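Numbering (the numbering used here), first residue to last: 7 to 92.
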């Protein structure tokens, strides 16, 4: 289904959103795991846990694609990757 496809019903649309959300959650979990691995490698090599210049690049890329809400998403992803979540 593309963004130009007409949905047959609200229920169908909601079901599709639920599928998309599940995929987003899976991808965020994968991204978080990769980020945590990168931090461990960097620290094992004597580097810092967080590289602010890199984080600024990530926020800028998300902001460039989605505006201010994109920056908010990027900050949440970065927080998850730092292991600061419950």
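Positions of the beta carbon are idealized from the N, C-alpha and C atoms, including for glycine. In this text the structure is predicted, and so the values were computed from the model without any measurement.
The beta carbons of residue 87 and residue 37 sit about 7 Å from each other, so the pair counts as a contact at 8 Å. Within the same chain, Cβ atoms closer than 8 Å to the Cβ of residue 69 are found at 76, 77, 80, the five residues on either side in sequence being excluded.
Cβ-Cβ distances below 7 Å link residue 45 to 55 in the same chain, with the five nearest sequence neighbours on each side left out; the list follows chain order. By the criterion of a C-beta distance shorter than 6 Å, residue 10 is surrounded by no residue of its chain, once the five residues flanking it on both sides are discounted. Taking C-beta atoms as the reference points, residue 34 and residue 83 count as a pair closer than 8 Å.
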